[in-house]
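Residue numbers for the sequence shown follow the working numbering, so the first one is 2 and each next one is one higher. Glycine included, each C-beta is placed from N, C-alpha and C at the ideal position. Data first, discussion second: the structure below is written as structure tokens.
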Amino acid sequence: MVLGPAAVARAVAVQVWPLLLLAGVLLGSALAWWARSGDPVPAAMAWKLLAEPGVLGLVASFALHESAHAWALGRMPGITGITLERTAWRTSVVPHGTMSARQSAAVALAGPVACAAVGAALWLPDLDRPLSWWYLAHLAFLLPCFGDGRALWRAVASRRCDPPGSEATPESGSGTRPSAS
């Protein structure tokens, strides 16, 4: 079964439900206080200190990151399924099937590049520079110590070692499987 981007985004949100619950309770309480007392300070603090960075920064950026991987994988003809790998600290998409080195590199780039595009869209016109850094920071996942970086560098290395024209195709069954994260 190939999971779509929406299913992956929901899985990321479910993974961090305690944070979402805490943000919702605190923001709801602060808004109730504002409505009752006329004092907007607790609501502004709850938004700026927890809701915006926690929900729009952390959760939304990771949901976009993993959804972009799922979107890219859904367009690869050699992919027969996508499953989710969950640990206490992360949710990652895991493709099943075969991909060429070029396809593997494209999938590895999809998550960080999608987040970087949103970060740039927030940063360049000065819409919300602090929030933009949550998205721009996803470019760090292209470092070889992370799954996307390892998949990207493996794809680059395999293309360098292969003679021209010998790239694996999905039909040949000898493509690579990235560990997208």
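With 16 other CB atoms within 10 Å as the buried threshold, where does residue i fall?
| i | result |
| --- | --- |
| Ser30 | exposed |
| Ser38 | exposed |
| Pro6 | buried |
| Arg91 | exposed |
| Thr1 | For residue 1 there is no data in the structure shown, the boundaries of the chain being 2 and 182. |
| Val13 | buried |
| Gly82 | exposed |
| Val26 | exposed |
| Asp149 | buried |
| Gly176 | Residue confidence is low: Gly176 scores 41 on pLDDT, short of 50, so the model does not pin down where it sits. No coordinate-derived value is stated. |
| Trp18 | exposed |
In this structure, does DSSP put residue i in helix, strand or coil?
| i | result |
| --- | --- |
| Val94 | strand |
| Gly58 | helix |
| Arg87 | strand |
| Gly148 | helix |
| Pro41 | coil |
| Gly174 | Note on Gly174: pLDDT 38, under 50, position unreliable in the model; the coordinate value appears next. Reduced to three states, the DSSP call for Gly174 is coil. |
| Leu140 | helix |
| Leu128 | coil |
| Gly5 | coil |
| Leu28 | helix |
| Val108 | helix |
| Val17 | coil |
| Arg76 | coil |
Would residue i and residue j be called neighbours here (beta carbons separated by less than 8 angstroms)?
| i | j | result |
| --- | --- | --- |
| Trp135 | Ser62 | yes |
| Leu59 | Leu4 | no |
| His66 | Ile80 | no |
| Ala117 | His139 | yes |
| Gly120 | Ser133 | yes |
| Gln16 | Arg103 | no |
Across which residues does DSSP place residue i in a beta bridge pair?
| i | result |
| --- | --- |
| Gly82 | His97 |
Among the residues of its own chain, which have a CB less than 6 angstroms from the CB of residue i, if the five just before and after it don't count?
| i | result |
| --- | --- |
| Ala10 | Ala64, Ser68 |
| Arg151 | Pro145 |
| Leu21 | none |
Give me, in chain order, the residues of the same chain whose beta-carbon lies closer than 7 angstroms to that of residue i; leave out the 5 immediate sequence neighbours on both sides.
| i | result |
| --- | --- |
| His70 | Val94, Val108, Ala111, Gly112, Ala181 |
| Ala52 | Ala24, Leu28 |
With a CB to CB cut of under 8 angstroms and the five nearest residues on each side skipped, what residues in its chain are close to residue i?
| i | result |
| --- | --- |
| Trp34 | Asp40, Pro43, Ala44 |
| Leu57 | Leu132, Trp135 |
| Phe142 | His66, Gly112, Pro113, Gly148, Asp149, Gly150, Ser182 |
| Trp154 | Pro145 |
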